[in-house]
Structure formats: structure tokens, C-alpha cells
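To start, the structure under review is shown below, and the notes come after it.
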Amino acid sequence: MLWMETPVSPGVSLSRSLGDVSMVNSQASGAPAAPRCCAGCGGKISDRFLLFSMERYWHTRCLKCSCCQAQLGDLGSTCYSKGGMILCRSDYIRLFGHSGACSACGQSIPANEMVMRAQGSVYHLKCFSCATCRNRLIPGDRFHYINGTIFCERDRPGAALLNSHLAPLQSTSVLTDQKVC
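Numbers 1 to 181, taken from UniProt numbering, label the letters of the sequence shown in order.
Now the structure itself:
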């Protein structure tokens, strides 16, 4: 989210980082800026302050959480976007953060952290590992989720039995004059 302020005096440029919110002078060159339309209400923004979020401009009063209607224009506030909704942190976590705790270690998972999911359970990337060999699994790895436990392909229960039955089949050779269907 970006705060913008019209200049106090022409040619003076304010630019400082305030956590997730930056405040800048929208008319640093001294030339008057063209009126911008608010993405929330559609009206012209002629206020001293305006917000820039999700590639659109907003009145400070119009950038609100789609769920609870909390104003998101306060300095230091963070807004999230998913599924076309603009959300405050609490509603984002409530809707998309699942329980907010890792199913393996029980520690909380920040809303901006990448996670692994398996049948409704959520894991830190570092905690998503095979219960037998403890190798960490990464996105794209095949795994088995059995009774809430994660297993890699090699260590899944029954893998040794299955492999012992497949070994004789894989070692048989096919004669050149045999028809194979």
C-alpha cells in the first residue's frame, strides 16, 4: 500500500518507508497532478492524502476490508488481496490461513509464509517431511498421507512388500520371438 501526499511546497519530495506503507509526494515535480478516480467510490480524489494499492488509487476512507469493513488506510496497516477481495490481516488469516498452526510442530504460520497442505492439514515448508527417513519433501514430490502421517514414496507402508513382488516381474526377460501385447 502506498500513501501519497500533495506537496507542501513545489519541488519538495517526501519519500520515506514506514513499514508496509510508504509516503511520497505525488507532485514532486511541482506540476499539478491530473485528478485521479477512487477505485472504491468512483469519485475524484482531491484530498491531501490518497492511497495506492492493487494498482489502483483510493480515498483513505474508501480502502476497506471486504469482510469487516475496517478502514485499511492507517499508517502501518497491511492489506491482503485474494479472490478479488481486499482483506485486513485478521480476515485474511480467518479465511485463508486455515488454523494458523503447523500440523507438525504446532507453531503459528505467518500469513505471508509459503506452506504445504495435505488433506486439510497445513505445514511449514521445513516441517513437511517423511515420518520414517525425515527427508524434507518439496512441492512436486510424491508422498503418501496415511492417518495424518506423511511418508515419502520409498518409505510408505507396504512399499517393501510391493517392491519384493515387483522385483521378479521386472527381472524376467522377454524372448525375441515372443509376442508381447
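Positions of the beta carbon are idealized from the N, C-alpha and C atoms, including for glycine.
S121 carries a strand assignment under DSSP once its states are collapsed to helix, strand and coil. Looking at the DSSP output, T149 shares a beta bridge with I146. Distances from the CA of F96 to each of A34, T78, S46 and G83 were compared; the closest alpha carbon is that of G83. Under the DSSP definition of a beta bridge, A34 lacks any partner. Beta-bridge pairing by DSSP links F128 to no other residue. Just so you know, the alpha carbons of A118 and I93 end up roughly 18 Å apart. Closest in alpha carbon position to R154, among I138, C133, I146 and G148, is C133. In the three-state scheme derived from DSSP, where H, G and I count as helix and E and B as strand, S90 is classed as helix. Between I146 and H124, the beta carbon gap of about 20 Å keeps them out of contact (Cβ cut-off 8 Å). Pairing S81 with N135, the inter-Cα distance amounts to about 34 Å.
At a Cβ-Cβ threshold of 7 Å, S103 and S121 count as neighbours.
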